[in-house]
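Colleague:
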Amino acid sequence: MLGLCLCSQAQPRTPILVELFTAEGCGACPPADELITAIDQIQPIPTANLIVLSEHVTYWDTSSRDRFASTALTNRQLGYAKLLKIEGVYTPQLIIDGQYECTGGNGPEAKRLILEALKQPKPQMEITANRINGKIKTNVSFFGLSGATVLVAIAENLAETKVSKGENAGKTLKHTAVVRALHTIGTAEGLRFDTTVDLPMPPIVDNFRVVAFVQDSKTGRILAVAQSKL
Amino acid sequence: MRLSLIFAATLYAFAPNLNPIAWSLRVEPTHFKLHASIAQDYKLFSPTKSTPGPIPLQIRVLEAAWVKLGKPVATQTGDTLTGETEIAIPYRLRRKLGPDPLTIHIEVRYQSCSDQICLPPTTRTLEAKLLPANPVL
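If you read the protein sequences in the order shown, they are chains A and B. Each residue of the first sequence is one higher than the last, beginning at 1 in this note's numbering. Each residue of the second sequence is one higher than the last, beginning at 1001 in this note's numbering.
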């Protein structure tokens, strides 16, 4: 009986941050956008809670501007290239838990790297987020991880663009968890981090999620991650 | 996308080639011959590309006070170049050279893609020597 009860319990899922660096002007990116959408919706690895972010970079803004792209996200990708000792940047690129990278449409390699990342234990992280008076009141708490940086991303759940110019001209691109703002809210110190911040509301309606993560700035490794969908 | 297809095996290479184009330059009496060796599965956007999108191959000479470049012509037609390709760039010296050769630098700026990845704009500088015998404007 006990055995049956244990078997019927849901397996705990370890949160893993899957970042996709992409661009609407990049002809190779739509399959990666589809992959990240499927990962988010289907959650195909039973032991993982895959928390995804689509981060649009600016270096494909040659003929038309990608409305989701920002220099901050381009710089974030450049930072990963340095930390992970990659020769340069490219799109689409997946970064798994800040530690592993592969081409964005490469499902088998992404799976292998996610399974690798799952070997690292993560402390539990709590996040609550609410819209109050045009701000997003966000509370983030966890134990330990002293010295690491705490970041919060506000991401549009689903976004769609009909592209008129460039390599993807004529296509309607669908994006999942598109980062519209990325804030550093503090540094973990002492036994427990527990902080509430009022974040400005980015120009999106009501279709968004808040993702908090703790990152080791020296290695890029994601030490904890959680999300709240509003 | 069905669950079984998400991580389905594909033909992806695991390590992307982030430097897929090897360049070389040679000087002929009236043209520079720029040679691009483009890795398999990659494409370079032609200097004559007419559609908007990734930047076409841009070529300039750093010693513009000495050398004037004409319109580049690629051996391949179309918006993208693949494999081994050569681009002829007519040039003229703006003034007569002294007795010694002049070292000049040709800068190429370009974007390239494969089916799996696209690379940001890249700049490379190639060196060549012009001889006093080369034609003057």
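No residue lacks a Cβ here, since even glycine has one placed at the ideal position from N, Cα and C.
(1) Just the Cα atoms here: how many angstroms apart are Gly3/A and Pro12/A?
(2) Would Ile95/A and Tyr80/A be called neighbours here (beta carbons separated by less than 8 Å)?
(3) Can you round the beta-carbon distance between Ser1114/B and Leu1044/B to whole angstroms, since I take them to be within the 8 Å contact cut?
(4) Give the range of the alpha helix (DSSP H) segment to which Arg1095/B is assigned.
(5) For chain A, check one thing: does any of its Cβ atoms lie closer than 8 Å to the Cβ of Ser1114/B?
(6) Under a three-way DSSP split, which group does Leu1057/B fall into?
(7) Spatial neighbours of Asp194/A within its chain, please: C-beta separation below 7 Å, excluding the five flanking residues on both sides.
(8) Within 10 angstroms of its Cβ, does Ile1106/B collect 16 or more other Cβ (buried), or is it exposed?
(9) Using only the heavy atoms of the ligand SAM, determine whether one of them is closer than 7 Å to the beta carbon of Ala1039/B.
(10) With a Cβ-Cβ cutoff of 8 Å, do Ala28/A and Gln1040/B count as a contact?
(11) Taking the straight line between their C-alpha atoms, what separation do you get for Ile36/A and Tyr100/A?
(12) State buried or exposed for Arg1124/B, treating a residue as buried only when at least 16 other CB atoms are found within 10 Å of its CB.
(13) Would you please verify whether the beta carbon of Ser8/A is less than 8 Å from any beta carbon of chain B?
(14) Measuring only the C-alpha atoms, how far is Val211/A from Ala72/A?
(15) Taking 6 Å as the limit between beta carbons, can you name the residues of its chain near Gly186/A, skipping five residues before and five after?
(16) In chain order, what residues of the same chain lie with their CB nearer than 8 Å to the CB of His1031/B, ignoring the 5 residues before and after it?
(17) Under 6 Å Cβ to Cβ from Lys229/A, same chain only, skipping five residues before and after it: list those, please.
(18) For a contact meaning CB atoms closer than 7 Å, what does Glu167/A contact in chain B?
(19) Check Lys1129/B in the structure and name its three-state DSSP category.
(20) When DSSP labels each residue in this structure, what does Asp40/A get in the three-state scheme?
(21) When the distance is taken between beta carbons, is Gly25/A closer than 8 Å to Gly1078/B?
(22) Mind listing the chain B neighbours of Thr103/A? Cutoff is C-beta to C-beta under 7 Å, in chain order.
(23) Quick one: using the 10 Å Cβ neighbour count with 16 as the cut-off for buried, is Ser146/A buried or exposed?
Modeller: So, to answer that:
(1) Bear in mind that the predicted position of Gly3/A carries a pLDDT of just 35, short of 50, making it unreliable; the figure below should be weighed with that in mind. Near 17 Å, if we compare the C-alpha coordinates of Pro12/A and Gly3/A.
(2) yes
(3) Contact doesn't hold; Cβ gap of about 11 Å is too wide.
(4) Unbroken run through Arg1095/B: none, as it is neither H nor E.
(5) yes
(6) coil
(7) Ser141
(8) buried
(9) As presented, the structure is devoid of all ligands, the ligand SAM included, so that no description of it is given.
(10) no
(11) 16 Å
(12) exposed
(13) Confidence in Ser8/A is poor, its pLDDT being 45 and thus under 50, which makes the residue's placement too unreliable to answer from.
(14) 17 Å
(15) Val150, Thr195
(16) Ala1088, Ile1089, Pro1090, Tyr1091
(17) Arg209
(18) Gly1053, Pro1054
(19) strand
(20) helix
(21) no
(22) Tyr1012, Pro1016, Gln1116, Ile1117
(23) exposed
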